[in-house]
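Here the protein sequences come in this chain order: A and B. Sequential numbering of the first sequence, starting at -2, is according to my numbering. Sequential numbering of the second sequence, starting at -2, is according to my numbering. Even for Gly, the Cβ is constructed at its ideal location relative to N, Cα and C. Everything on this sheet refers to the single structure shown next.
Number of protein chains: 2
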Amino acid sequence: MKTLIKNVYLYNKTVDILIKDNLINKISDTIEDKEAEVFDATNLAVLPAFYNMHAHSSMSLLRGFCEDLPLFDWLNNIWKREATLSAEDIYNGTRLAILEMIKSGTVFFADMYWHHSEIIRAVEEMGIRANVGICFMNSLGRKTIEENFDFAKNPTITKPSLVSLSIAPHAIYTCDKDLYKECYSFAKKHDLIFHTHLSETQKEVEDSLKENSMRPVEYLNSLGVLDSKTLLAHCVHLSEKEAEIISQNGATIVHNPCSNMKLASGVFDSRQARKYNCKIALGTDGNSSNNNLSMIEEMKIASLLAKVHYLDSEEGNSNTVFSWATKNGAEAVGINAGEIKEGGVADLMFVNIDNEKMQPNYNIISNLIYSADTSCVDSLMCDGKFVMKHYYVEGEEEIIEIAKRYK
Amino acid sequence: MKTLIKNVYLYNKTVDILIKDNLINKISDTIEDKEAEVFDATNLAVLPAFYNMHAHSSMSLLRGFCEDLPLFDWLNNIWKREATLSAEDIYNGTRLAILEMIKSGTVFFADMYWHHSEIIRAVEEMGIRANVGICFMNSLGRKTIEENFDFAKNPTITKPSLVSLSIAPHAIYTCDKDLYKECYSFAKKHDLIFHTHLSETQKEVEDSLKENSMRPVEYLNSLGVLDSKTLLAHCVHLSEKEAEIISQNGATIVHNPCSNMKLASGVFDSRQARKYNCKIALGTDGNSSNNNLSMIEEMKIASLLAKVHYLDSEEGNSNTVFSWATKNGAEAVGINAGEIKEGGVADLMFVNIDNEKMQPNYNIISNLIYSADTSCVDSLMCDGKFVMKHYYVEGEEEIIEIAKRYK
Chain A
-2 MKTLIKNVYL YNKTVDILIK DNLINKISDT IEDKEAEVFD ATNLAVLPAF YNMHAHSSMS
58 LLRGFCEDLP LFDWLNNIWK REATLSAEDI YNGTRLAILE MIKSGTVFFA DMYWHHSEII
118 RAVEEMGIRA NVGICFMNSL GRKTIEENFD FAKNPTITKP SLVSLSIAPH AIYTCDKDLY
178 KECYSFAKKH DLIFHTHLSE TQKEVEDSLK ENSMRPVEYL NSLGVLDSKT LLAHCVHLSE
238 KEAEIISQNG ATIVHNPCSN MKLASGVFDS RQARKYNCKI ALGTDGNSSN NNLSMIEEMK
298 IASLLAKVHY LDSEEGNSNT VFSWATKNGA EAVGINAGEI KEGGVADLMF VNIDNEKMQP
358 NYNIISNLIY SADTSCVDSL MCDGKFVMKH YYVEGEEEII EIAKRYK
Chain B
-2 MKTLIKNVYL YNKTVDILIK DNLINKISDT IEDKEAEVFD ATNLAVLPAF YNMHAHSSMS
58 LLRGFCEDLP LFDWLNNIWK REATLSAEDI YNGTRLAILE MIKSGTVFFA DMYWHHSEII
118 RAVEEMGIRA NVGICFMNSL GRKTIEENFD FAKNPTITKP SLVSLSIAPH AIYTCDKDLY
178 KECYSFAKKH DLIFHTHLSE TQKEVEDSLK ENSMRPVEYL NSLGVLDSKT LLAHCVHLSE
238 KEAEIISQNG ATIVHNPCSN MKLASGVFDS RQARKYNCKI ALGTDGNSSN NNLSMIEEMK
298 IASLLAKVHY LDSEEGNSNT VFSWATKNGA EAVGINAGEI KEGGVADLMF VNIDNEKMQP
358 NYNIISNLIY SADTSCVDSL MCDGKFVMKH YYVEGEEEII EIAKRYK
């Protein structure tokens, strides 16, 4: 299968791009290929599509469900509502989330939830990538924990698929050390990503110091569960030593600025993490604490938050933040995407430079981060196939009609 | 002139709304009126349109011009570029800004710039409201200052118009006390709004303490130039006493969170301002320090910033922030808008509830602030007339073509 993208802006020039199967085959001033399907990209700019490295996609059904409450009141309300969600709800919620992600230029999400077969079904139907996290907590009970491991051995993934799995112990306050070790050893045996929440709140740090005499990262490190296939969501409250540990292990920090601000968790110390050369990627977290899945907005807020936190307008540099949202995420899950280069995976976003927020076009990365929103995302290609063309996603009307039932 | 809006969501119910001339005449379950032009608002929700209370609209031409620099390097670059802008550039830049504002649901902006007749021309052509600030600085020289006052006496406003003027001494570091007093006395004589930047940076506070032995608000108060027709842009660094002075004078603080974060100026103390019952409104500031004019995004960032700043998820409450962006701004300039009520001015935004970011619809205000972006704004009515219908603004293609010349 070949697609020929004609007349697309690539930074400061207009080029043609040939996509063969799922790869960028050739980038040149002019390409002709009679076998290829042509996509006229006049007035569109091509950019790497987004990798959303921490999400709870089906929580899209809880968008706006309860707001502006103290953290534990909010959590109690959310947990009660979550307990009522059926397998079908999870499927519907995931589809709504994927629609939102496609519309905002995201081709991949690292998820963490339950009813995994429903999430996988939604992802495969809609044609984007996901790393679906099998969520573990001691409170699930031994039977469900075993079932989860069984599912991870024989997942309902249709080969070939853009879906992979992670083993995702929820957090240090919901999983004991034996469960963490069991999860990690399973992940290693089956070569899966290891994904966990870590150091999200000050309370988590204080509790860990009390219970383990160690800070959260030190504690997980002492269990030997951190390595280069680990995603650590949040990492808001890190000591210098913890940043160093993460860097030495090669784990990826997933920064979720909107969620950390909305839930008043605190400010991730990106300057410290960069000082220790930690790998940093970006995520939206779930819709109930954001409340959208736009990586464009997440980039702007990440950048502005860093600038005001350090009172330094050079922090949160746009090129750095753009890497967090694209290349760094792809690298963390071993996909050769996040850059527009020959041989790279064709995960591509097409941005409408005729949108009023994209002009003047001095610097497209800066316009994308500081000015754009989802109205600028015209088309999206995942693994060489279009999942949105000119603002239209197949089946979107049905997804919205079903979402309207929830309120 | 009458417009009948059929089947529109008003919070939790579907109603019809009759607009007569520029006012909301009637809100009822069903209205029939054979003389009225009908607007079918099925699947749209009506909300008060936004009042952007601090902008430099023509700076839209400088969007992305230079980024992520230390404040004074950035300012020097901007000032050099600004010095090259012609009257025609100002007209083109203002039109681009107004297009962006209309597309994001804004019907009013309080501006501060030069080439005022060009700004007024752009506003009148495009049909929204503005309070155009005549900007004063000592460095302009006596001749230009006199010309500015002359213009303010006989502005190029076509009656009837939605344009009003303000007298806008730039800031305490660019205007001396005599110029402030002269500006204020002119504003009082001609019943105009008084608009100034105040307490934007810590440096401004320190310099004022050195030069005037008073903090910035105390200093302007000592000159007697603060009252209920004053707009104070920024107010990032206020003491308790300064918050009290602003409250006692009835001046309106215009909070510009994106700009304050991007330029690393600091965090406006909204909790303190609310404690003293200060009037608070919201603004985007200019495009070069934001870099867009979306009040939807400004609301989200205002709310999240307050939550994380106070580490309190109840701060930046969505209803409070929505008032900052609508009603409070309208009140500050004496327009009976900002609420959907019979007798109110018909400044109305129509939001597409079929947008993927607006579902589920538990709470439309929360969805608008925390999830929506400009892709959700379907139509906009200003003073009883549509300035955008179903995402289309008359003449938008030409504005974009002209904007593309700048880079």
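{"Asked": "Rank B:G335, B:V264 and B:Y177 by C-alpha distance to the C-alpha of A:K304 and give the top, closest one.", "Found": "B:V264"}
{"Asked": "Is any beta-carbon of chain A found at less than 9 angstroms from that of B:R271?", "Found": "no"}
{"Asked": "Among A:G283, A:C275, A:E239 and A:A248, whose alpha-carbon lies nearest the alpha-carbon of A:G256?", "Found": "One detail in the question is off: residue 256 of chain A reads as Ser in this sequence, not Gly. Comparing Cα-Cα distances from A:S256 to each of A:G283, A:C275, A:E239 and A:A248, the minimum goes to A:G283."}
{"Asked": "B:I164 and B:F133 - do their beta-carbons sit closer together than 9 angstroms?", "Found": "yes"}
{"Asked": "Per the DSSP calculation, A:F69 is bridged to which residue(s)?", "Found": "None; A:F69 has no bridge partner."}
{"Asked": "Cα-Cα, which of B:G313, B:K238, B:Y307 and B:S286 is closest to B:A445?", "Found": "In the structure as shown, chain B begins at -2 and stops at 404. Residue 445 of chain B is therefore absent and cannot be evaluated."}
{"Asked": "Please go through the same chain and pick out, in chain order, the residues whose beta-carbon is closer than 6 angstroms to the beta-carbon of B:K259, but skip the five residues on each side of it.", "Found": "S286"}
{"Asked": "Tell me which residues of the stretch 351 to 370 of chain A have at least one Cβ-Cβ distance to chain B shorter than 7 angstroms, keeping chain order.", "Found": "D351, E353, K354, Q356, P357, N358, Y359, N360, S363, N364, Y367, S368 and D370"}
{"Asked": "Look at A:S344 and A:C379 and say whether their C-beta atoms are less than 9 angstroms apart.", "Found": "The question names Ser, yet the displayed sequence has Asp at residue 344 of chain A. Contact: yes."}
{"Asked": "Rounding to the nearest angstrom, what Cα-Cα distance links B:S376 and B:T39 in this structure?", "Found": "12 angstroms"}
{"Asked": "Is the shortest distance between the beta-carbon of A:L68 and the beta-carbons of chain B less than 9 angstroms?", "Found": "yes"}
{"Asked": "Quick check: the stretch 268 to 276 of chain B against the stretch 235 to 242 of chain B, are at least 3 beta-carbon pairs closer than 8 angstroms?", "Found": "yes"}
{"Asked": "State the Cα-Cα distance for the pair B:G221 and B:A84, rounded to the nearest angstrom.", "Found": "34 angstroms"}
{"Asked": "For A:G130, report the span of its beta strand (DSSP E) as first-last.", "Found": "R126 to F133"}
{"Asked": "Quick one: does A:I396 have its CB under 9 angstroms from some CB of chain B?", "Found": "yes"}
{"Asked": "Starting from the C-beta of B:K178, find all residues in its chain whose C-beta is less than 8 angstroms away, skip the five residues before and the five after it, and write them out in chain order.", "Found": "L220, G221 and V222"}
{"Asked": "With DSSP as the reference, please indicate the residues paired to B:M56 in a beta bridge.", "Found": "None; B:M56 has no bridge partner."}
{"Asked": "Given that a residue counts as buried once 16 or more other Cβ atoms are within 10 Å of its Cβ, and exposed if not, what is A:G90?", "Found": "buried"}
{"Asked": "Can the beta-carbon of B:A329 be found less than 9 angstroms from the beta-carbon of B:S57?", "Found": "no"}
{"Asked": "Please report whether the beta-carbon of A:M346 lies at a distance below 9 angstroms from any beta-carbon of chain B.", "Found": "no"}
{"Asked": "Taking Cβ-Cβ distances shorter than 9 angstroms, what residues in chain A pair up with B:N314?", "Found": "E64 and D65"}
{"Asked": "Going straight from the alpha carbon of B:S161 to that of B:A149, what length do you get?", "Found": "10 angstroms"}
{"Asked": "For A:W71, return the contacting residues in chain B, with the cut-off set at a CB-CB distance below 9 angstroms.", "Found": "S310"}
{"Asked": "Say whether chain A places a C-beta atom closer than 9 angstroms to the C-beta of B:C255.", "Found": "yes"}
{"Asked": "Could you give the DSSP three-state label for B:K338: helix, strand or coil?", "Found": "coil"}
{"Asked": "Ordered along the chain, which non-local residues of its own chain (more than five positions away) have a Cβ less than 7 angstroms from that of B:T27?", "Found": "D13"}
{"Asked": "What does B:M104 reach in chain A if we use C-beta pairs closer than 9 angstroms?", "Found": "The sequence shown places Val at residue 104 of chain B, rather than the Met named in the question. In chain order: nothing, as chain A lies at least about 16 angstroms away."}
{"Asked": "Tell me the DSSP secondary structure of B:T103 in three-state form.", "Found": "strand"}
{"Asked": "When DSSP labels each residue in this structure, what does A:H192 get in the three-state scheme?", "Found": "strand"}
{"Asked": "Taking only beta-carbon positions, decide if A:F129 is within less than 9 angstroms of chain B.", "Found": "This sequence places Val at residue 129 of chain A; Phe is not what is there. No, its Cβ sits nowhere closer than 9 angstroms to a Cβ of chain B."}
{"Asked": "For A:Y307, would you say it is in contact with chain B, using Cβ-to-Cβ distances shorter than 9 angstroms as the test?", "Found": "yes"}
{"Asked": "Whole angstroms is fine: what's the gap from B:R126's alpha carbon to B:H231's?", "Found": "22 angstroms"}
{"Asked": "From the DSSP output, in three-state form, read off A:E34 for me.", "Found": "strand"}
{"Asked": "Return the Cβ separation of B:P213 and B:S196 in integer angstroms, given the expectation that the two are a contact with Cβ distance under 8 angstroms.", "Found": "4 angstroms"}
{"Asked": "Would the stretch 94 to 101 of chain A and the stretch 379 to 391 of chain A be scored as touching if the rule is three or more Cβ pairs under 8 angstroms?", "Found": "yes"}
{"Asked": "Can you round the beta-carbon distance between A:F105 and A:S54 to whole angstroms, since I take them to be within the 8 angstroms contact cut?", "Found": "12 angstroms between Cβ atoms; not a contact."}
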